[in-house]
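**Q** What follows is a single structure, and I will ask about it in a moment.
Protein chains in written order, with the working numbering: chain A, 35 to 322; chain B, 491 to 800; chain C, 2 to 249.
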């Protein structure tokens with residue numbers, strides 16, 4: 035009769051704490067941050083996020099320096115304002131979201147690592163929220179930090195004094211923060227939607243930007259009297275809401291020309307975000 | 491140069507002091523060898539440089555130093571050479587949206603050979619039943635066979651196969667080995683593999699690469715005999731193992747004997763002398779010897795030894 | 002020749018297969034829908050003006066660049082990233098023939114999508130005005146622009162996996178932004194090569210499109226010549242890269 039024996043190789047089970055679902059979420063979030071920022075990856079993966087951040091912050095630093103050197107403090111405060119700044123780094127954010135969203139979602143699906151996530155204490159909403167959360171932190175920082183720099187720079191060089199400026203204008207900080215979240219939600223919802231159904235990061239980025247840029251074509255329809263198409267002006271909704279929140283008027287936005295109220299634009303963004311979240315979650319439930 | 495087992499007379503492929511590095515990493519270092527008609531097995535642990543060597547031979551990588559000629563030419567300068575060359579790479583180099591038949595036909599069209607050979611190539615790898623399904627739905631073994639079919643359809647003179655047996659089941663593997671051996675009768679076939687037992691069965695000649703250098707070359711038994719600094723292990727089956735073991739311990743060329751039932755495991759540094767001693771001792775002890783086999787002339791033991799030496 | 006045509010055929014399938022053609026096609030249909038709805042109840046002169054103000058910029062600045070950048074980059078780039086480049090290269094086909102076949106396929110794919118989009122938009126206008134004079138200039142201009150982008154991004158796609166990103170940044174920052182800052186900057190712009198062909202064949206559009214044209218002189222012949230030069234350079238560069246670059 036054949037015999038068998040099992041040898042004790044000294045295998046020890048893990049006796050330490052099991053972090054569970056919250057630990058898995060945190061790990062997913064950190065991994066997302068690393069992917070988006072290129073941390074613990076080759077240097078060239080860091081070039082894009084670093085360059086875009088530099089471009090975004092540069093004007094704020096430039097105008098502060100300008101005010102210090104030229105000595106025209108109050109003129110500097112008028113030269114470049116928060117509302118116009120969003121027009122600049124909003125465009126940067128669009129490109130960044132296009133690439134980052136596809137980098138976050140597509141490799142996991144295409145490399146077959148969804149099964150790894152599925153075998154961990156993570157639900158599908160955890161996965162989607164974790165990925166969105168990583169992108170949210172980076173894009174929010176990307177959009178809002180330049181405003182913080184601009185705010186502090188203007189407080190520094192303004193003639194009213196640093197403390198006075200800060201106290202008098204503190205509302206700018208939370209308003210620009212809210213606007214940054216609005217921009218993030220508007221862009222990321224569509225980017226995630228496209229990335230969830232694409233197989234290649236490059237194609238997803240191209241299609242996303244194509245959709246967003248083509249939404250500008252609704253201007254012609256709105257001007258021809260088809261006001262309802264103003265709801266499809268994805269590129270303009272965040273800017274329109276921004277002007278509403280900041281109490282400014284930086285352009286003739288397509289929804290405005292269509293007679294749509296800013297709160298309606300905000301509702302469109304919120305609806306788009308919720309709908310995208312549901313669709314992407316459903317898609318990943320099937321993929322996992 | 492042709493007297494070393496690393497070289498063949500009348501080579502189709504010559505590698506002359508070739509080195510290849512990627513940045514700081516040296517993948518192949520000062521390697522010289524040649525390949526001719528017949529099947530050469532390329533052996534080595536992961537990261538040894540086998541794939542790099544094959545890709546340099548195929549002209550996909552440029553040597554950092556030294557040279558490689560394929561059918562008398564540098565393939566990077568003379569793509570016409572590829573009319574007689576086929577490569578089956580290790581990676582999944584297939585077009586998922588094509589069916590197997592379309593993929594093999596594409597290979598034939600690119601190689602300038604007749605598309606009449608497509609069906610034969612597909613039959614050779616036993617993919618006829620799945621030939622009209624998209625490759626994206628294939629298992630790993632089926633993809634591997636599709637790649638082999640795409641290589642065979644061009645009727646190459648030189649066939650370079652990097653881990654061609656990956657993912658194949660034992661029956662398919664046996665069939666492919668038969669096919670490769672048959673092709674090697676009139677062609678130059680190089681196969682790299684980790685499946686040592688199959689390389690042993692397939693290859694007339696073996697090149698072992700360790701850490702980018704040629705560690706051994708030639709016939710497996712000859713390589714083993716060349717390793718004179720380690721004792722041979724021999725297995726002897728006899729009906730009076732203990733008595734013969736006791737006698738063997740007094741013999742000079744025997745370094746150790748282990749008894750395991752009716753089997754003796756003997757270590758010796760002189761295989762021929764042991765081959766004379768064992769029958770004499772058995773006659774003296776009035777014992778019968780039913781088996782006398784070297785235990786470590788297999789490719790696996792050679793391989794392990796070569797890898798352990800680094 | 003068999004090999005050349007085989008590469009073109011398979012690459013076309015690779016680029017336009019699956020959902021990609023549907024998605025790009027849907028995107029490309031938007032200018033036609035927009036111009037059709039926007040020109041309802043308008044007189045002919047206004048229809049042409051609307052076409053030149055809305056559909057033409059959309060086609061030349063969004064549809065053609067995005068389509069061509071994605072398809073051009075994918076032509077050789079996807080082969081490299083999918084590991085199938087070794088399958089293609091270990092063949093008795095000159096590297097220049099492989100590069101030319103890849104460019105032909107990429108350009109053809111980009112032209113198909115762009116021209117379909119342009120044809121729909123032009124047809125929308127032509128049906129409104131019963132004047133089909135915009136059709137041929139639109140198709141020629143778009144085809145030339147698509148070919149130019151495909152040529153540049155064929156090479157870039159082989160060089161880097163970030164070609165589409167670079168293309169989108171170029172499109173977003175340069176083509177739709179900085180290049181409008183001064184008339185002379187129009188000389189360094191791919192979409193304007195196609196636009197000069199369009200305006201050259203439809204001179205009445207020059208009044209509306211003078212700003213994007215900058216200091217460029219309209220003319221289809223010159224545009225076609227630029228396309229040929231870009232194409233030849235792209236083939237030569239891609240072939241040289243196939244010859245010299247390691248295929249890992």
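From the three backbone atoms N, C-alpha and C, an ideal C-beta is built for every residue, glycine too.
Can you give me the Cβ contacts of residue 586 of chain B inside the same chain, cut-off strictly under 7 Å, excluding the 5 residues immediately before and after it?
**A** Counting from one through the second chain, the residue named residue 586 of chain B turns up at place 96. Excluding sequence neighbours, residue 586 of chain B sits near 624, 625 and 626.
**Q** Can a CB atom of chain C be found closer than 8 Å to the CB of residue 768 of chain B?
**A** As a first step, residue 768 of chain B is located in the second chain; it is residue number 278 there, counting from the start. Output row for residue 768 of chain B: interface = no.
**Q** Flag residue 217 of chain A as yes if its beta-carbon sits less than 8 Å from any beta-carbon of chain C, otherwise no.
**A** What you label residue 217 of chain A is simply residue 183 of the first chain in a count that begins at 1. Chain C, which has no Cβ nearer than 8 Å to the Cβ of residue 217 of chain A, makes this no.
**Q** Please report the straight-line C-alpha distance between residue 75 of chain C and residue 158 of chain C, rounded to a whole angstrom.
**A** Start at 1 with the first residue of the third chain, and residue 75 of chain C comes out as number 74. Start at 1 with the first residue of the third chain, and residue 158 of chain C comes out as number 157. Each residue's alpha carbon lies about 6 Å from the other.
**Q** At a Cβ cut of 8 Å, what residues of the segment 118 to 148 of chain A count as close to chain E, listed as they run along the chain?
**A** Here chain E cannot be found, since the structure's protein chains are A, B and C.
**Q** To test your reading of the DSSP string, which unbroken alpha helix (DSSP H) runs of 4 or more residues are found completely within the segment 97 to 171 of chain A?
**A** Here the runs fully enclosed are 107 to 113, 116 to 144 and 148 to 152.
**Q** From the beta carbon of residue 173 of chain C, is the nearest beta carbon of chain A less than 8 Å away?
**A** Along the third chain, read from residue 1 onward, the residue named residue 173 of chain C stands at position 172. Chain A contact via Cβ: present.
**Q** Among all the DSSP beta bridges, which residues are the ones paired with residue 580 of chain B?
**A** Walking along the second chain from the start, residue 580 of chain B turns up at place 90. Answer is none; residue 580 of chain B lacks a bridge partner.
**Q** Our contact map puts residue 233 of chain A next to residue 144 of chain A with C-beta atoms below 8 Å; I'd like the distance itself, whole angstroms only.
**A** Here residue 233 of chain A refers to the residue found at position 199 when the first chain is read from its first residue. Here residue 144 of chain A refers to the residue found at position 110 when the first chain is read from its first residue. Confirmed, about 6 Å.
**Q** Whose Cβ in chain C lies nearer than 9 Å to the Cβ of residue 585 of chain B?
**A** Taking the second chain and counting its residues from 1, one reaches residue 585 of chain B at position 95. Under the 9 Å cutoff, chain C gives 11, 14, 15, 83, 85 and 88.
**Q** Shorter than 8 Å from the beta carbon of residue 135 of chain C to some beta carbon of chain B?
**A** Against the third chain, residue 135 of chain C aligns to sequence position 134. Answer no: the Cβ-Cβ gap between residue 135 of chain C and chain B never drops below 8 Å.
**Q** Would you report the Cα separation of residue 598 of chain B and residue 111 of chain C, rounded to the nearest angstrom?
**A** Within the second chain, residue 598 of chain B is the residue found at index 108, counting from 1. Within the third chain, residue 111 of chain C is the residue found at index 110, counting from 1. About 28 Å.
**Q** At least one CB of chain C closer than 8 Å to the CB of residue 434 of chain B: is that the case?
**A** Because chain B spans 491 through 800 in this model, residue 434 of chain B falls outside it and cannot be assessed.
**Q** What is the DSSP secondary structure of residue 621 of chain B, reduced to helix, strand or coil?
**A** Locating residue 621 of chain B in the second chain gives position 131, counting from the first residue. Correct three-state label for residue 621 of chain B: coil.
**Q** Tell me, to the nearest whole angstrom, how far the beta carbon of residue 118 of chain C is from that of residue 135 of chain C; I am working on the premise that it is less than 8 Å.
**A** Looking up residue 118 of chain C in the third chain gives position 117. Looking up residue 135 of chain C in the third chain gives position 134. The Cβ separation is near 14 Å, so there is no contact.
**Q** Mind the definition here: the segment 50 to 57 of chain C touches the segment 237 to 249 of chain A only if three or more C-beta pairs lie below 8 Å; say whether that holds.
**A** The segment 50 to 57 of chain C, when compared against the segment 237 to 249 of chain A, does not touch it at the 8 Å Cβ threshold.
**Q** When DSSP labels each residue in this structure, what does residue 708 of chain B get in the three-state scheme?
**A** The residue you call residue 708 of chain B lines up with position 218 of the second chain. Here residue 708 of chain B sits in strand by DSSP.
**Q** Apart from the five residues on each side of it in sequence, which residues of its chain come closer than 7 Å, Cβ to Cβ, to residue 96 of chain C?
**A** Within the third chain, residue 96 of chain C is the residue found at index 95, counting from 1. Counting only Cβ-Cβ distances below 7 Å, and skipping sequence neighbours, we find 240, 243 and 244.
**Q** Chain A beta carbons: is any one of them nearer than 8 Å to that of residue 143 of chain C?
**A** Sequence index remark: in the third chain, residue 143 of chain C carries index 142 (1-based). No, because no Cβ of chain A sits closer than 8 Å to the Cβ of residue 143 of chain C.
**Q** Look at residue 584 of chain B and residue 646 of chain B and say whether their C-beta atoms are less than 8 Å apart.
**A** Looking up residue 584 of chain B in the second chain gives position 94. Looking up residue 646 of chain B in the second chain gives position 156. Going by C-beta atoms, residue 584 of chain B is not nearer than 8 Å to residue 646 of chain B.
**Q** Pick helix, strand or coil for residue 302 of chain A, following the three-state DSSP scheme.
**A** The sequence position of residue 302 of chain A within the first chain is 268, counting from 1. Correct three-state label for residue 302 of chain A: helix.
**Q** What does the alpha-carbon distance come out to for the pair residue 277 of chain A and residue 215 of chain C?
**A** To locate residue 277 of chain A, count along the first chain from 1; it is residue 243. To locate residue 215 of chain C, count along the third chain from 1; it is residue 214. One C-alpha to the other measures close to 32 Å.
**Q** Going by other Cβ atoms of all chains shown within 10 Å of its Cβ, with 16 needed for buried, is residue 117 of chain A buried or exposed?
**A** Position 83 of the first chain, counting from 1, holds the residue named residue 117 of chain A. Residue 117 of chain A should be labelled buried.
**Q** Residues in the same chain with beta-carbon distance under 7 Å from residue 127 of chain C, minus the five sequence neighbours each way, listed in chain order, please.
**A** Position 126 of the third chain, counting from 1, holds the residue named residue 127 of chain C. Here the set comprises 133, 135 and 136.
**Q** Which chain C residues sit within Cβ distance under 9 Å of residue 260 of chain A?
**A** Here residue 260 of chain A corresponds to residue number 226 of the first chain, with the count starting at 1. Going along chain C in sequence order, the residues near residue 260 of chain A (Cβ under 9 Å) are 38, 39 and 41.
**Q** Exposed or buried, what is residue 92 of chain A when buried is set at 16 or more other beta-carbons lying within 10 Å of its beta-carbon?
**A** Taking the first residue of the first chain as position 1, residue 92 of chain A is located at position 58. Residue 92 of chain A is exposed by the Cβ-count criterion.
**Q** Kindly say whether residue 128 of chain C, judged by its beta-carbon, lies nearer than 8 Å to any beta-carbon of chain A.
**A** Your numbering for residue 128 of chain C matches position 127 in the third chain. Not an interface residue.
**Q** Between which two residues does the alpha helix (DSSP H) harbouring residue 812 of chain B extend?
**A** This structure does not reach residue 812 of chain B, given that chain B is present from 491 up to 800, and the question cannot be answered.
**Q** By Cβ distance, which residues of its chain are closer than 8 Å to residue 620 of chain B, with the 5 residues on each side in sequence left out?
**A** In the second chain, the residue the question calls residue 620 of chain B occupies position 130. Around residue 620 of chain B: 590, 628 and 632.
**Q** What did DSSP end up calling residue 610 of chain B once you bin it into helix, strand or coil?
**A** In the second chain, counting from the first residue as 1, residue 610 of chain B sits at position 120. Residue 610 of chain B falls in the helix class under three-state DSSP.
**Q** Would you list the residues sitting across from residue 145 of chain C in a DSSP beta bridge?
**A** Position 144 of the third chain holds residue 145 of chain C. Looking at the DSSP assignment, residue 145 of chain C forms no beta bridge with any residue, so it has no partner.
**Q** Would you please verify whether the beta carbon of residue 247 of chain C is less than 8 Å from any beta carbon of chain B?
**A** Start at 1 with the first residue of the third chain, and residue 247 of chain C comes out as number 246. It does; some Cβ of chain B falls within 8 Å.
**Q** Could you give the DSSP three-state label for residue 755 of chain B: helix, strand or coil?
**A** Locating residue 755 of chain B in the second chain gives position 265, counting from the first residue. In this structure, residue 755 of chain B counts as strand in the three-state DSSP scheme.
**Q** Determine whether the Cβ of residue 247 of chain A lies closer than 8 Å to any Cβ atom of chain C.
**A** Taking the first chain and counting its residues from 1, one reaches residue 247 of chain A at position 213. By this cut-off, residue 247 of chain A is an interface position.
**Q** What residues of chain B sit near residue 7 of chain C, judged by a beta carbon separation below 8 Å?
**A** Working through the third chain from its first residue, we reach residue 7 of chain C at position 6. Per Cβ cutoff of 8 Å: 596, 599 and 600.
**Q** Comparing the C-beta of residue 573 of chain B with each C-beta of chain C, is any distance below 8 Å?
**A** Working through the second chain from its first residue, we reach residue 573 of chain B at position 83. Cβ-Cβ to chain C under 8 Å: yes for residue 573 of chain B.
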